[in-house]
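Residue numbers (the UniProt record's numbering): 1 to 326. By construction, the Cβ of each residue, glycine as well, lies at the ideal position given by its N, Cα and C atoms. Just so it is clear, the structure is predicted and the values come from calculations on it, not from any experiment.
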């Protein structure tokens, strides 16, 4: 095997980034608040715990969507199944002296499917979004997995779901998220992700799975011709027929990669910032977990939306500010 340093003189050297945090006191306090386990329900939450009376024919729900959302959020934060979540919320209500009914585990499971999650207030943005999109697999543990390992039988359902996340580089918030079956490709899931964004997007970064005219046409149709699309073309990519007269952004990427190399193109185009999307996925699997607790697909989609709100809330509690050091 050739030693690593043999071709060192031909390798592209990344400049060392030197930055320092300017708000250490506030940042440290925010990180401590992430571990604060003090829980208190405000009087407004207690007043809205029960559902409003229906004005249409049908059964009357006992609990509001907010009450179900609070219970499921606490269960996800403390990594508790539904029965233990019922006991956790009941004990908290007794400690606070609240005389409110507690949803049982079957109600949480039934109401969790298609639950309307209260929208998180958006952070103030100084400009348009620089969007990074990436996806990963989340494991499903259940009867199908057990049967396959124990009795060597074919599982009754798929053992994976695909989590799609869209990160705003400027604020660090997850601005869009979705959960699909494992047979849904990344470009196919992109339209529903973009439907969740109500702000202009100036730059779109994604890996080579999104390469192609459908993705480019969709982005231009949604956000205009001014959007900068940074998607690495494959090694076998060739220039379009009109590249000499009217080069597309993809043609420019191909030409720059041929002239300067792929690593130099990553630096000049800003593609290396896509690593922040991968870091957010790693953070998801560290905080929320690499597997889904819910057993059916609608409840799993609700679980993903709640997990997104949790990560955004944690990000808002502690956010560092940097400045470059010469």
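| Query | Result |
| --- | --- |
| Residue 204 - partner residues in DSSP beta bridges | 131, 229 |
| Three-state secondary structure (DSSP) of residue 84 | helix |
| Bridge partner(s) assigned by DSSP for residue 168 | 131 |
| Beta-carbon spacing of residue 132, residue 49 below 8 Å | no |
| Inter-residue CB distance, residue 178 and residue 193 (contact presumed, cutoff 8 Å) | 6 Å |
| The stretch 88-106 in contact with the stretch 33-45 per 3-pair CB rule at 8 Å | yes |
| Any alpha helix (DSSP H) of 4 or more consecutive residues that is wholly inside the stretch 255-317 | 262-269, 275-287, 297-317 |
| Which of helix, strand or coil DSSP assigns to residue 319 | coil |
| Close Cβ partners of residue 65 (< 7 Å) along its chain, the five nearest in sequence each way excluded | 115, 116 |
| Sequence ranges, alpha helix (DSSP H) only - wholly within the stretch 17-84, length at least 4 | 24-34, 43-47, 65-77 |
| Buried or exposed by the 16-neighbour rule on C-beta atoms within 10 Å, applied to residue 161 | buried |
| According to DSSP, residues forming a beta bridge with residue 137 | 162 |
| Where residue 180 sits in the DSSP three-state scheme | strand |
| Burial state of residue 296, where buried means 16 or more other Cβ atoms lie within 10 Å | exposed |
| Own chain, CB closer than 7 Å to residue 300, minus 5 neighbours either side, in chain order | 161, 179, 292, 294 |
| Residue 29 burial status per 10 Å Cβ neighbour count (16 or more: buried) | exposed |
| With 16 other Cβ atoms within 10 Å as the buried cut-off, status of residue 18 | exposed |
| Residue 174 - partner residues in DSSP beta bridges | 167 |
| Cβ distance (whole Å) where residue 240 is taken to contact residue 229 below 8 Å | Actually they do not touch by this definition, with Cβ atoms about 15 Å apart. |
| Counted within 10 angstroms of its Cβ, other Cβ atoms place residue 274 as buried (16 or more) or exposed | buried |
| Residue 86 and residue 63 closer than 8 Å at C-beta | no |
| Within 8 Å, strictly: CB atoms of residue 280 and residue 174 | yes |
| Same chain, Cβ closer than 6 Å to residue 61, neighbours up to 5 away in sequence not counted | 51 |
| Cβ neighbour criterion (16 or more within 10 Å) applied to residue 210 | buried |
| Burial state of residue 121 (16 or more Cβ within 10 Å) | Reliability of the predicted coordinates at residue 121 is poor, the pLDDT of 46 falling under 50, and no value is obtained from them. |
| Length of the line joining the Cα atoms of residue 265 and residue 252 | 10 Å |
| Which of helix, strand or coil DSSP assigns to residue 113 | coil |
| Span of the alpha helix (DSSP H) around residue 222 | 213-223 |
| Three-state secondary structure (DSSP) of residue 89 | helix |
| Residue 184 versus residue 24 - alpha carbon distance | 43 Å |
| Reduced DSSP secondary structure (H/G/I, E/B, other) of residue 240 | coil |
| Residue span of the alpha helix (DSSP H) that contains residue 189, given as start and end | 186-194 |
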